[in-house]
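Accompanying notes for the structure given below.
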Amino acid sequence: AAEVELSDTLSIDGFIDMSTVFFDDGDDTTLNGAVDQMEVDFHFDYGEITARIDINSLPNGVEMEEAAVTYAPEDYSDIGLTVTAGRFLSSFGWETAEPTGLYQYSVSEGIPYPGYQNGVGVSVSPTDKFKLYAAAMPSVWDTTETDWETIGVEAQVSLMPVPEVTAKIGYATEDMGDYFMSEMNAWAMYASGDLTLAGEVDLLTNWGAEDTSGLHFLGMGNYALTDKLGVTGRFSGIDLDDAETSTEFTVSPGYAVTDNWFLLAEFRRNIDAETTQIAIEQIFTF
107 AAEVELSDTL SIDGFIDMST VFFDDGDDTT LNGAVDQMEV DFHFDYGEIT
157 ARIDINSLPN GVEMEEAAVT YAPEDYSDIG LTVTAGRFLS SFGWETAEPT
207 GLYQYSVSEG IPYPGYQNGV GVSVSPTDKF KLYAAAMPSV WDTTETDWET
257 IGVEAQVSLM PVPEVTAKIG YATEDMGDYF MSEMNAWAMY ASGDLTLAGE
307 VDLLTNWGAE DTSGLHFLGM GNYALTDKLG VTGRFSGIDL DDAETSTEFT
357 VSPGYAVTDN WFLLAEFRRN IDAETTQIAI EQIFTF
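To convert, count from 1 in the sequence shown and add 106; that's the numbering used here.
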């Protein structure tokens, strides 16, 4: 979606996300439909200093999802230095936090990414093929934490060796008091013409409890059949020491009615739990 310019320094964008979902667990079935989310994002641009404020409306209330200020000094533009402070989204993960960036309705099984964090982040990008990022925050995974007595850290390296390939590897850890919980996230994407392929793994250490490790993984492909119609296939899962392995596969066609109105259908089967989900989603962006 293109940003709506309100002035030389302020623009907005956002979306409305609606869905109808049928779910069958083998014993009972449910059918639900509603507006899932409405979001308005404010973008402020004062040259070297920019800011972003995201207001998110969910069925259970309205929240400030993101509010951060970024400083990009002109004197260090040759290395792409930026410093961000406030509440911002973690850099981790192939799948995005917003429905407008997903290739299907649902997220992968057992998705372990951090979410929105209160903290400070620094990035440098000396070339368009390489980027370094690091951040410190009160908590990596608790989006409500504000106490800096114990902190979490997150770091990531991004590589774009050729226009068709993007690869990122990151590490995050947090002091949980008696142990450190950590995640190593790595994903790679190949996009050329009508085809997009991606794969991801997450290595999880002391995941929710000491000496509990795990693995999250996904593989997906999207193919554009026309300039308006595409189809996505995904296989994902999570394997934890203290839980049964859980996997799923998803098939999801999508259709762009206009530049601002997108329709999507999804068939998802959770293999181990033997559940089935069928969803119809529409997203309007502005």
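For glycine and all other residues, C-beta sits at the position ideal for the given N, C-alpha and C. Please read all numbers here as calculations on a predicted model, not as lab measurements.
Problem set entry | Collapsed DSSP secondary structure at P232 in the structure displayed | On the sequence shown, residue 232 is found 126 positions in, with the first residue counted as 1. Reduced to three states, the DSSP call for P232 is strand.
Exercise. By the 10 Å Cβ neighbour count, where 16 or more other Cβ atoms means buried, how is P269 classified, buried or exposed?
Worked result: The count along the sequence shown starts at 1 and reaches residue 269 at position 163. P269 is exposed by the Cβ-count criterion.
Exercise. Do you know offhand how far L195's Cα is from Y222's?
Worked result: As a first step, residue 195 must be located in the sequence shown, where it is residue number 89. As a first step, residue 222 must be located in the sequence shown, where it is residue number 116. Approximately 4 Å between the Cα atoms of the pair.
Exercise. Whose C-alpha, out of M282, D114, G327, is nearest the C-alpha of F150?
Worked result: Here the question's residue 150 lines up with position 44 in the sequence shown. For F150, the closest C-alpha among the options M282, D114, G327 is that of D114.
For this session: Would you identify the three-state DSSP class for D284, choosing helix, strand or coil?
Result: Working through the sequence shown from its first residue, we reach residue 284 at position 178. Reduced to three states, the DSSP call for D284 is coil.
For this session: List the endpoints of the continuous beta strand (DSSP E) containing T188.
Result: Along the sequence shown, one-based indexing puts residue 188 at 82. Segment 188 to 195, the beta strand (DSSP E) holding T188.
Exercise. When you compare each of S264, G339, D147 to L112 by their alpha carbons, which one comes out closest?
Worked result: On the sequence shown, position 6 is the one that residue 112 refers to. Per the Cα distances, D147.
Problem set entry | Sequence-distant residues of its chain with Cβ nearer than 7 Å to D142 (five each side left out) | What you label residue 142 is simply residue 36 of the sequence shown in a count that begins at 1. In chain order, D123, M124, S125 place their CB closer than 7 Å to the CB of D142, counting only its own chain and leaving out the 5 sequence neighbours on each side.
For this session: List in chain order: all unbroken beta strand (DSSP E) runs of 3+ residues lying wholly within the segment 137 to 220.
Result: 155 to 164, 167 to 177, 188 to 195
Problem set entry | Chain-order list of residues whose beta-carbon lies under 8 Å from that of L331 (same chain, five-residue window excluded) | Locating residue 331 in the sequence shown gives position 225, where the first residue counts as 1. Around L331, the same chain offers D300, V337 as residues with beta carbons nearer than 8 Å, after the five sequence neighbours per side are excluded.
Exercise. Where V393 and T381 are concerned, what is the direct C-alpha to C-alpha distance, given to the nearest angstrom?
Worked result: No information on residue 393 is available, as it lies outside the stretch 107 to 392 that the chain covers here.
Problem set entry | Cβ-based neighbour list, I386, same chain, cut-off 7 Å, excluding 5 preceding and 5 following | Within the sequence shown, residue 386 is the residue found at index 280, counting from 1. These residues qualify, in order along the chain: S125, T126, A371.
Problem set entry | Sequence-distant residues of its chain with Cβ nearer than 6 Å to W367 (five each side left out) | What you label residue 367 is simply residue 261 of the sequence shown in a count that begins at 1. Taken in chain order, the residues that qualify are F390.
For this session: Grab the span of the beta strand (DSSP E) containing L331 for me, first residue to last.
Result: Stepping through the sequence shown from its first residue, residue 331 is reached at position 225. Note, L331: premise wrong, no beta strand (DSSP E); not H, not E.
Exercise. Are three or more beta carbon pairs between the segment 184 to 195 and the segment 316 to 328 nearer than 8 Å?
Worked result: no
Exercise. What are the start and end residues of each continuous beta strand (DSSP E) run of 3 or more residues lying completely inside the segment 296 to 321, in chain order?
Worked result: 301 to 311
Problem set entry | Anticipated Cβ contact below 8 Å, G276 with A294, distance rounded | Residue 276 sits at position 170 when you count from the first residue of the sequence shown. Residue 294 sits at position 188 when you count from the first residue of the sequence shown. Incorrect: roughly 13 Å between the Cβ atoms, too far for contact.
For this session: Measure how close the beta-carbons of A157 and A178 come, nearest whole angstrom, since I'm counting them as under 8 Å.
Result: In the sequence shown, residue 157 corresponds to position 51, counting from 1. In the sequence shown, residue 178 corresponds to position 72, counting from 1. 12 Å between Cβ atoms; not a contact.
Problem set entry | Simplified DSSP state of I377, which is helix, strand or coil | Within the sequence shown, residue 377 is the residue found at index 271, counting from 1. Coil at I377, not helix or strand.
For this session: Could you name the residues that DSSP lists as bridge partners for I389?
Result: For this step, residue 389 is matched to residue 283 along the sequence shown. Paired residues: D123, F368.
For this session: Go ahead and pull the three-state DSSP assignment for E260.
Result: Counted from its first residue, the sequence shown places residue 260 at position 154. E260: strand per DSSP, three-state reduction.
For this session: Output the boundary residues of the beta strand (DSSP E) element that contains S352.
Result: The residue labelled residue 352 in the question sits at position 246 within the sequence shown. 352 to 362 is the span of the beta strand (DSSP E), which, as asked, contains S352.
For this session: Measure how close the beta-carbons of I377 and E354 come, nearest whole angstrom, since I'm counting them as under 8 Å.
Result: As a first step, residue 377 must be located in the sequence shown, where it is residue number 271. As a first step, residue 354 must be located in the sequence shown, where it is residue number 248. Between I377 and E354, the beta carbon gap of about 6 Å places them in contact (Cβ cut-off 8 Å).
Problem set entry | For Y361, the nearest candidate out of G339, G120, F341, K334 (CA to CA) | Position 255 of the sequence shown, counted from the start, is the residue given in the question as residue 361. When each option's Cα is compared against that of Y361, the closest is K334.
Problem set entry | Alpha carbon of V259 to alpha carbon of G305, nearest angstrom | Here residue 259 is taken as the residue at index 153 of the sequence shown, counted from 1. Here residue 305 is taken as the residue at index 199 of the sequence shown, counted from 1. Going from the Cα of V259 to the Cα of G305 covers about 24 Å.
For this session: Compute the beta-carbon to beta-carbon distance between S352 and E201, rounded to the nearest angstrom, for a pair I have assumed lies under 8 Å.
Result: Your numbering for residue 352 matches position 246 in the sequence shown. Your numbering for residue 201 matches position 95 in the sequence shown. Not a contact, Cβ separation roughly 16 Å.
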